[in-house]
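Residue numbers (the numbering used here), protein chains in the order written: chain U, 155 to 337; chain D, 46 to 321; chain G, 10 to 575.
Here is the structure we will look at.
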Amino acid sequence: MKKFGIKGVVATGIGTALFVVLTQVQIPLVIVPNTALQVRAALLAFMSAVYGPWVGLIMGFLGHALGDALFYGSVWWSWVFPDAVFGLIVGLFVKKYAITEGGFAVKQIVTFNIVQVVANAIAWILVAPVLDIVIYAEPANKVFAQGALAFVANVIIIAILGTLLGVAYSKIGARSSSLKKEN
Amino acid sequence: MGTKLLTYEKKDTWIDALCGVTKLVFFLCWSITSMMTYDTRILALMLVLSLIIFKVSKTRWDQVGTVFKFILFFLCINVIAIFLFSPNQGSIIYGSSTPIFTLTSRYVVTIEQLFYELNIILKYFTIVPSVFIFIVTTNPSEFAASLNRIGISYNIGYSISLALRYIPDVQDDFRKIKNAQMARGIEMSDKGKFMDRIKHTAAIIFPLVFTSMGRIDTISNAMELRGFGKHKKRTWYMARKLQRNDYIVLIVSILFMVVALGITYADGSRFYNPFL
Amino acid sequence: MNPIIEFKDFTFKYRAQMEPTLKNINLKIYPGEKILIVGPSGSGKSTLSNCINGLVPFSYKGDITGELRIKDQDPAALGIFGLSKIVGTVLQDTDGQFIGLTVAEDIAFALENNLIPQDVMKERVSQVAETVEITSLLQHAPSEMSGGQKQRVSMAGVMVGDEEILLFDEPLANLDPATGKRAIALIDQIKKQEQKTILIIEHRLEDALYRDMGRIILVADGQIQADMTPDELMCTNILETHGIREPLYVTALKHAGCTLQAKDKPGNIDTLDFTPYKEAVQNWFSKVEIPTPTTSHKEVLKVEHVDFSYIEGKPILSDIDFSIYQGEMVAIAGKNGAGKTTLSNLICGFIKPTAGNIYLNGDDIAPLSIKERGERIGLVMQNPNQMISKTMIFEEVALGLTVRGVSQEEIERRVNNTLKICGLYPFRNWPISALSFGQKKRVTIASILVMEPEILILDEPTAGQDYKHYTEIMEFLKQIHEEKGITIIMITHDMHLMLEYTNRTIVIADGQMLSINTPAAILTDEALTEKAYLKKTSLYDMAIGCDISDPPAFVDRFISYERGLR
């Protein structure tokens, strides 16, 4: 893993600020009442995929803890750690996505999505419910249902918005020497 | 959308004068105790204590009111969800079942269930004031400095500092971009098809995310030009030395956690069982 | 004396580029000098300064040939941290440079990184804060401060480490004219008090020359094209050739047929001796004709006694009252934070007036939603990157129509039409990322024009642009203004823009509307410009210097002569 250097510090800081601000942006799912797609989840996936595991881990942790504390006045630790775990896992494969080099094409998009589904599964179907049971002694069926719902919601939003962010950012970085003016 | 963020506000109280690290340790001890214990007596005591501290810290209602209402709403949903998913959780925990009335054959309201859910509600109410107090009485600059003191790398401390520094800027950009896009006809409302809503959201957050990312390079350069990362350590302008009060609070916090958890686990279970 | 900075046959090529950005630079800078580096965008002047502070080659990699010595040392051996002890850099983006949570912490940042003990740090910070006059703001957060104040903090933040060389990258870019003037005065004062070597990179030449400047170095095409005193430089045509705007009085003197002499000290309006040129200028003044303006009397926008406040009793804007007529180009000007943006937010409906009404073509627009207003009043943001959300040009321009459910054929027709007007048609299938800043700006203007609004509001359309791009953007706006007869309102503190492109200017200061008048009348009114943090034009001083009794008329004639040349 690459060192957590000056770029990492700044990316984490700005990423966290974005994550906190985007806490208020949610897309309601019509099918299930009272659940919403968290736009910030797509941001975390994207930033981790661009800046790697350290940024993902710390940004997931700080962003979730700070965002919840500042907006909702409570920190639900059993849901903070899964975001950190998620950022870490997505970030581990940073080289495979080649987003900054402008190479985020079909193969890389598939890789990114496989990784995000697995990472989401570990974070929300495993880590979150287990912590909920261990820390808060909540009923198992309730927390697994909640975890599963969070898993589905995050997979959807990241598959769409996370991928789109990656594609758009990859294009910004790409060289475009083959362009010609048309009449 | 106009949610008000909790913010630090300077006040002249002894709580305000404590070091960030002291408050962090208190906050962590308090959170851990509140998370671990299901001992109703301890939770009740913590509730009373946190209300007292809330009073002493001179936190005003209008600083936290909106957020508090939101928590209340979330709490209600959670309590109902627990009942819907697991109406017998209380009976399983306390080993007895004392029905009060029957809704359907699956949903029988028992005293044990009510007592279990009361404990959950108590947990919320013990943790929330501590978060409020922590945020509204802790100077963010001093906090970042103090993290370094408890062994957290200054890189992470500075990430937090930067996040807090740039949240207002990002928030402001977000508002500006949202307004301009709304004028173009792109609204993030609840109406419209699902895919349209995602597209509209994308139209607002893409410019926000990409311009913010452009900033990362500028800030990195600015920090590097001013010698950030030169040495393994750094000093902090806002760092404060621990005072007498800090030591008292630190000792009391840790003692409280140890004693409270000791009492909780004295009988081998984290639950206090009045039904025995 | 040995030079403190010396370039010898220095060439630099960025890794990702084919051609070197700096070619064969030879330059000596001595301790205690104060030097202005000018050059158009992409000339290499920023690269030159990045070589001095070490961002090149430590952050931006590339190949160097030739030699650079700073304080008789090799930058490669010093490293970026070693250089940071000699060279202090104030970046253009004050929000990016201000990284502390409060003023005091930001100033102390470099000291913290150098492990300076806290007590020494506190003393040093309060000393420097006093020098730049921000002592009362030490506990403030950046969000509570104006651009000018933030810049002072940035200066303090580099002075605190006692670097010998101070490098300012476009210090005037985001400031209103009066604040910019104060910044230049402060830099001058720092140089004198602290014996620093000062390098300023700036393309706003006239403003930068407000105080004495030892030499001006003109960089273009990666080479040094001129290295002379301001007085000498004004007597040449080099500035014009390389697309740098001359001070207005110099242009006016040239229009009057004068040949400038260095001995008359034309480097600064205050030192220039007008005696030899007086007659020619007076002659020219009497000859230039002013076309009578054709004004429409059809009211497009009427703002009637509008007040706005967030908190009762603390008005942000009070009693704003004016009308704008069909086909006008109007500027809203005034101090940073005076309420200009609030006014445009009110017109666009992002916020609601506390009192008063706004009419568009006679209709009260209070009942219209933001989206409905957006169809009639188009807003173009300052930074095009904050508006662009699609990757392809066509899609971006079409976006406003697509979300309104306009038919595909109609979209094609209108978008293509707009792209043609905006000169973007040949690029229609390009990704936006391949465009220059100016072209992106055009895309955002096109994306608004496509909805055929009655009014176009632009926030700082030319901020941070060099003369060439400024002219490009403004000529483009002028062209669509003429072709489409659209009414244009621009929020700006660029006085050249007001003079050259608007027929009237609304002046706002501290939430009050001070005046609505022709730019020539406003920029020759000493009391008004002072109150609104504008700066009276040098043409005014020139008119006085040449004994012309009616300075506003002189300014008017200069402008119409200039317009005639375009």
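Note that the Cβ used here is the ideal one computed from N, Cα and C, for glycine as well.
Small disclaimer: the values here were computed from a predicted structure and weren't measured.
{"Check": "CA-CA distance, C60 (chain G) and A85 (chain G)?", "Outcome": "10 Å"}
{"Check": "My understanding is that L36 (chain G) touches I226 (chain G), with C-beta atoms under 8 Å, so please give their C-beta distance in whole angstroms.", "Outcome": "7 Å"}
{"Check": "For V269 (chain U) and T309 (chain D), what's the separation of their Cα atoms in angstroms?", "Outcome": "41 Å"}
{"Check": "Can you list the residues of chain G that L209 (chain D) reaches, using a CB-CB cut of under 8 Å?", "Outcome": "L110"}
{"Check": "Under 8 Å Cβ-Cβ, which residues of chain G neighbour E157 (chain D)?", "Outcome": "Here the premise fails: no neighbours, minimum Cβ distance about 49 Å."}
{"Check": "Based on the DSSP output, what are the partners of M338 (chain G) in its beta bridges?", "Outcome": "G:I497"}
{"Check": "What residues in the region 429-453 of chain G bring their beta carbon closer than 9 Å to a beta carbon of chain U?", "Outcome": "Y434, P435, F436, R437, N438, W439, P440, I441, S442, A443"}
{"Check": "According to DSSP, is D197 (chain G) part of a helix, a strand, or is it coil?", "Outcome": "helix"}
{"Check": "Listed from N- to C-terminal order along the chain, which residues in the region 271-286 of chain D have their beta-carbon within a distance smaller than 7 Å of any beta-carbon of chain G?", "Outcome": "R271, G272, F273, K275, H276, K278, R279, T280, W281, Y282, M283, A284"}
{"Check": "Work out the CA separation of D57 (chain D) and F170 (chain D) for me, nearest whole Å.", "Outcome": "26 Å"}
{"Check": "Taking 8 Å as the CB-CB cut-off, is E269 (chain D) touching chain G?", "Outcome": "yes"}
{"Check": "Can you find a CB in chain D that lies within less than 8 Å of the CB of T9 (chain G)?", "Outcome": "This structure cannot settle anything about residue 9 (chain G), because the visible part of chain G is limited to 10 through 575."}
{"Check": "Apply the 10 Å Cβ neighbour rule to S214 (chain D) and answer buried if 16 or more other Cβ atoms are within range, or exposed otherwise.", "Outcome": "Here residue 214 (chain D) is Asp; the residue named in the question, Ser, does not match the sequence. Classification for D214 (chain D): buried."}
{"Check": "Within the continuous alpha helix (DSSP H) that includes N266 (chain D), where are the two ends?", "Outcome": "239-270"}
{"Check": "For I278 (chain G), which option in G:T260, G:N292, G:H264, G:F294 has the closest C-alpha, if you only look at C-alpha atoms?", "Outcome": "G:T260"}
{"Check": "Rounding to the nearest angstrom, what Cα-Cα distance links M155 (chain U) and Q158 (chain D) in this structure?", "Outcome": "Only weak support exists for where M155 (chain U) lies, its pLDDT of 46 falling under 50; the value from the coordinates is given anyway. Cα to Cα, the separation comes out at about 48 Å."}
{"Check": "What is the rounded straight-line gap between the Cα of E255 (chain G) and the Cα of L214 (chain G)?", "Outcome": "7 Å"}
{"Check": "My understanding is that L176 (chain U) touches I197 (chain D), with C-beta atoms under 8 Å, so please give their C-beta distance in whole angstroms.", "Outcome": "So it is not a contact: roughly 25 Å between Cβ atoms."}
{"Check": "Relative to chain G, which residues along the region 178-191 of chain D have a C-beta separation below 7 Å, given in chain order?", "Outcome": "P185, S186"}
{"Check": "Do you know how far the Cα of F359 (chain G) is from the Cα of Y282 (chain D)?", "Outcome": "40 Å"}
{"Check": "Quick one: does C609 (chain G) have its CB under 8 Å from some CB of chain D?", "Outcome": "With chain G covering 10 to 575 only, the question about residue 609 (chain G) has no answer from this structure."}
{"Check": "Would you say D115 (chain G) and G189 (chain G) are within 8 Å of each other, going by their C-beta atoms?", "Outcome": "no"}
{"Check": "Rounded to whole angstroms, what's the CA-CA distance from S332 (chain G) to L433 (chain G)? Just pull it up for me.", "Outcome": "33 Å"}
{"Check": "Determine which residues of the region 366-382 of chain G have a Cβ less than 8 Å from any Cβ of chain D, and write them out in chain order.", "Outcome": "I379, K380, R382"}
{"Check": "How would you write the range of the alpha helix (DSSP H) that L92 (chain G) sits in, first residue to last?", "Outcome": "84-93"}
{"Check": "Whose Cβ in chain U lies nearer than 9 Å to the Cβ of T400 (chain G)?", "Outcome": "V321, A322, K325, I326"}
{"Check": "When DSSP labels each residue in this structure, what does Y542 (chain G) get in the three-state scheme?", "Outcome": "coil"}
{"Check": "What are the boundary residues of the alpha helix (DSSP H) that V269 (chain U) is part of?", "Outcome": "260-274"}
{"Check": "Looking only at C-alpha atoms, which of G:I320, G:Q158, G:Y23 sits nearest to F107 (chain G)?", "Outcome": "G:Q158"}
{"Check": "Helix, strand or coil: which one does DSSP assign to R133 (chain G)?", "Outcome": "helix"}
{"Check": "Assign Q488 (chain G) to buried or exposed, taking buried as 16 or more other Cβ atoms, counted over all protein chains shown, within 10 Å of its Cβ.", "Outcome": "exposed"}
{"Check": "Going by DSSP in three states, Q232 (chain G) sits in which element: helix, strand or coil?", "Outcome": "strand"}
{"Check": "So if DSSP puts F177 (chain G) in a beta bridge, which residue, or which two residues, is it bridged to?", "Outcome": "G:V99, G:I209"}
{"Check": "Are the beta-carbon atoms belonging to L532 (chain G) and L543 (chain G) less than 8 Å from one another?", "Outcome": "yes"}
{"Check": "Does the region 335-342 of chain G come into contact with the region 488-502 of chain G, if we say contact requires no fewer than three beta-carbon pairs (one atom in each stretch) closer than 8 Å?", "Outcome": "yes"}
{"Check": "In the DSSP assignment, what residue or residues form a beta bridge with M596 (chain G)?", "Outcome": "Nothing about residue 596 (chain G) can be read from this structure; chain G reaches only from 10 to 575."}
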